[in-house]
Structure formats: C-alpha cells, structure tokens
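Below you'll find the structure, written out as structure tokens, and then a few comments.
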Amino acid sequence: MTLQLATASRLAQLTPSLNKLAANALLLGKEICAVSERKGEKHNEEIGEQTAAQHSLVFYLQAVVDGLAEHQFDKAASPTQQLQLQQRLAQLAAQARTLAMAMEFTFLLNTERNLLAIGYNVSDNQLDHSCYDLLASEARLASLFAIAKGDISSKHWFRLGRSTTPVADGVALLSWSGSMFEYLMPALVMSAPANSLLEQSNRLIVRQHIRYARQLQVPWGISESAFNARDVALNYQYSNFGVPGLGLKRGLAQNVVIAPYATALAAMVNAPAAHDNFNTLQQLGMLGSYGFYEALDYTRTRRPEQSGPVLIASVMAHHQGMTLIALANTLHQGVMRSRFHREPMIKACELLLQERPPARAAHVVPQAEELSTANNAIKNEPLTERHLDPAAGGTPQSHILSNGRYSVMLTATGGGYSHWCGLAISRWREDSSCDPWGSYILLRDRASGARWSPTLQPLDLQQSTAAKQQFSAVFSEDDCRVLAANKQI
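The sequence shown runs 130 to 618 under the working numbering.
Here it is, written out as structure tokens:
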C-alpha cells in the first residue's frame, strides 16, 4: 500500500478551501455541543460520553483551523519576516548542535572493558560497575554518536555483545529484556541497511512480538512502560517488559503489559500490522484526547478478579514523542533518519551499520520456563516455592543458587557450601544422616549466657535453647529463606 502525500505547492492551492471547510466544521461542532449540553440536563452517562467526544472533535477542528491560519500567515509573510524566521530557526539548530557536541562520552567510558557505563555514582565518585554491553540496546545510538564525535574508538562498537537467539524465521540479536524499545528506538534516527544484522533483527523481533501476543490472545507490542502499581503518592510505577526468548532477563513471562508506543515503533518495520493493532487498541478504549494511553496491564496478579486488563490512564511525553517521530518516518519514508545521516560525521560511520548476520553465531537458548507462553503467562502464577520443616526427619532437603560462576548449596537445617568457578570457598562433607557441615552464624545473650542460631544447625537440641526455637525454611527459584523464632526474637 502506497501513501500519496500532497506536495507543498498542491497544499498551498488547497489551503483556502481546507480553511473554509475546517471553519464551517468548527462552527457546526460548536452548535452540536451546545445542543447536547442542553439535552444533557438528565445527566445521562451515555449523553455525557457523547458530549465529551464532541468537545474533543471541536478541539481538534480548532487545531486544524489554527494550523491552516499559521500556514497562510507564513505564506503571506514579507521577505523581512521570512528572513527573521530563517535566522531564528538557524539559531535553534546551532544551539542544538552545540548541546550535542558538548556531550563528553569519554567521561562514561569504562577503559578496561571499552564499554559505556550506565551512569556515574556521585556519592561514591565513580562510574557504575554495570555497562551497556549489548548491540541490541537503545544505547547503541549513543555508541554510534560517540564514535562519530571522536570521543571513543570504533573498537568500542565491536565490544558490544552479538549473541543471537533462535526465532521462528531465523535468528535475532539478544537484548536484555526483549522489549520493542531496545530494538527499535535507535531506528527513529539511525538507519539499519537492508539485510544487515540490525535490520534482520528488527524485522524478526516484530514478528516474534506479534506471534507471542497471538498465543496469549492479546494485542501485541510489549515494551518498558508504566504498569498497574502505584507508590504512596499514587504515581504509576515504571519497569521494563518484553517477550520471553528475546531477552536475557529472567521472569519476562510473568508480566504482560501492552504499550501502544511499541506499535508505533514497529510501524517503521511493518506498517500494515501496526495499523491493525492500533485499531484493536482503539476498540479496547486506549485512545484518549491526547493520543493513546500509556499501557494495558494484562498481568493477573495486578488486576481485579474476573476482570479484563487494567488501563494505565496516563500519558508520557517521551512515549508520545517517539510515537510522533516513528509515524513521521513511516509516512515520509524515514525523513528523520535521512536528516540524521546527512551529517558528515554520521556518514563517516555508516560502515559500522553494514554488518551482515554471521554465518555461525553463538546462540543463547532461553530457559524452558521462559518459553512457556500459553495462558500461564496471563495467569502469572507465583514462583515455585517449597516450605520445609528443618526438624523433620529423612534425607536433608537441599537447594542450589547460582549465577554461573558463584554457586551456593543450602539445606533446610542451615548446612551447605559455596563455590566460585569450581573452587571451594567453604568446607563441606556429604552426610545424609546428620547434615552437620556448613558455615553458621551463632548468637549469644550476654546477660543470661543463652545461645542460639537462626538455623537448626549447628547447635545440639539437647544442650542448648535450640529445642525451644521454631524453625522454618522457604526455597524459591531466586532465593532461600531460613526463619527462626526464639521467645520474643
């Protein structure tokens, strides 16, 4: 489908007619609103909704009339006025360039890893230890600009992670949270050449988002956004969400939050699918007076029983801004990307974007629980937990926690050991009958001399106050909790 846009000369010819039509429509709209308000004395809810819609129509008609009037004013401006306007725009452009070129990215460079730190800790007077280390990240736009400015070497670009993950139609770059924002926000101004690694990833992840939403029977478009949780000031909370299988972050399947601005970003890749999804979102009541609302939260634990998704009725300026730029790119053949790449320093770095998908790449296959995307994701069942009685007989119950390098094995009685890259940090011996080995914390009351521990081991039940204590242990996927109650403690 090709969209034909009016040229400037044709628009100039149509302006008087459009202005007249818009003015007449505005007068008619105001008359309709006045009649509706008189009839609305019954305060009927349906009449109230109609009146609100009519006032919104009048607002937008007024905006059209004002815009056409400004267009005619600019056209009729004298040469002196036109020159003043051009000078003002040139000053704004020069100010924007000065602000951009004044940014010093070397300040954020971790020289050991040759990566950009995620921030600077003022209280500790040092860079944050974490870095942006993935190519499939919104931070790649900053990386390209820093290289173009000469702040950092082009070698930094090749330090960005390029691990891929298999999807239905091929392989795509792996991101942190699998959100539309991480993949497509840079595409607002940064090109992804055809058949390049970035272009292929952008195309495939949009398909994956659509496929995942179809499995859940919800609209598609998951990205970081506000969700149905509030702080003490009743402000919506904000977090990153994404599609399982596309992100390294654990627990992505536990949340289903649909953000309309993600659909706008995807319009730059698949405009017809985005158009259909916008229609679906509008039917669900997401379109308000200022555009689409922030999000729909389908997560079961954050919505009332036996109810539909929760509408996050807020409007975020940066999401609306991304929406406008994405739609402008879609309708005007990537106009913002063309402007960005007209800069000589950006053109000099375009070769970095030409990187082709590798014939052989390191695939990262997500964990099995992350790929379980049926209605279980909507139900959002809690993490699996085991509640144990440490004093119970039988074989010791154990639990293992690891990040791939540091590993800890714990038992319900408090025993266990820890390893770092295969090296033992604490001593331990396997004993399925007594389970006495481990590292423990002991407490002693200096006044009475009584001693106890927060775990069943290592104190002897017959010779200490441990017999008077109550113990419990909870093992879950991401932590281990051992609880003890001793009198009032």
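The C-beta atom is built at its ideal place from N, Cα and C for all residues, glycine as well.
Per the coordinates, the alpha-carbon of threonine 240 lies some 11 Å from the alpha-carbon of cysteine 260. The Cβ atoms of valine 193 and alanine 246 lie no closer than 8 Å to each other. Distance check between glycine 551 and each of Arg466, His285, Ser531, Asp607 places Ser531 closest, using alpha-carbon atoms only. A check of alpha carbon separations from histidine 258 across Phe604, Asn250, Ile339 identifies Asn250 as the nearest. One Cα belongs to arginine 332, the other to leucine 190, and the distance between them is close to 37 Å. Under DSSP, asparagine 250 shares a beta bridge with Gln255.
Scanning Pro583, Gln462, Val300 for the CA closest to the CA of leucine 375 turns up Val300. Restricting attention to alpha helix (DSSP H) runs no shorter than 4 residues, the stretch 453-497 encloses them at 464-470, 473-476, ordered along the chain.
In the three-state reduction of the DSSP assignment, leucine 440 falls in the strand class. For tyrosine 367, the enclosing beta strand (DSSP E) stretches over residues 365-368. A residue is called buried when at least 16 other Cβ atoms come within 10 angstroms of its Cβ; arginine 226 does not meet this threshold and is exposed. Inclusion of leucine 326 and leucine 302 in the CB contact set at 8 Å is warranted, their separation being smaller than that value. Between serine 582 and leucine 571, the gap from beta carbon to beta carbon is short of 8 Å. Between alanine 613 and arginine 242, the alpha-carbon positions lie close to 44 Å from each other. Here phenylalanine 188 is not bridged, per DSSP, to any residue. Taking C-beta atoms as the reference points, methionine 465 and leucine 317 count as a pair closer than 8 Å. Between the stretch 309-316 and the stretch 291-298, the count of C-beta pairs closer than 8 Å stays below three; the two stretches do not touch. By the neighbour-count criterion, in which 16 or more other beta carbons inside 10 Å mark a residue as buried, alanine 265 falls on the buried side. The C-alpha of phenylalanine 188 lies about 13 Å from the C-alpha of glycine 420. A contact is defined here as three or more CB-CB pairs under 8 Å, and the stretch 423-431 meets this definition with respect to the stretch 386-399.
In the DSSP assignment, proline 389 falls within the unbroken alpha helix (DSSP H) covering 389-396. Residues of the same chain with a CB within less than 8 Å of the CB of aspartate 574, apart from the 5 flanking positions on each side, are Arg580 in chain order. The distance from the Cβ of alanine 455 to that of alanine 396 is about 6 Å, consistent with a contact at the 8 Å cut-off. The beta carbon of glutamine 586 sits closer than 7 Å to the beta carbons of Thr542, Gly543, Gly544, Asp564, Pro565, Gly567, Tyr569 from its chain, once the five residues preceding and following it are set aside; these are given in chain order. Between lysine 278 and methionine 230, the C-beta spacing is below 8 Å.
A contact is defined here as three or more CB-CB pairs under 8 Å, and the stretch 395-415 fails this definition with respect to the stretch 428-436. Residue burial annotation: asparagine 458 is buried, with at least 16 other C-beta atoms found within 10 angstroms of its C-beta. In the displayed model, isoleucine 351 falls within a strand according to three-state DSSP.
Here DSSP, grouped into helix, strand and coil, assigns glutamine 599 to strand. Sorting Ser601, Ala576, Ala402, Arg534 by C-alpha distance to the C-alpha of tryptophan 549 places Arg534 at the top.
Taking C-beta atoms as the reference points, leucine 539 and cysteine 478 fail to come closer than 8 Å. Taking the C-beta atoms as reference points, phenylalanine 234 is found nearer than 8 Å to alanine 275. Collapsing the DSSP output to three states places isoleucine 554 in coil. In the three-state DSSP reduction, serine 536 falls in the strand class (E or B).
Here DSSP, grouped into helix, strand and coil, assigns asparagine 357 to strand. Counted as a single uninterrupted DSSP element, the alpha helix (DSSP H) harbouring valine 335 occupies residues 326-345.
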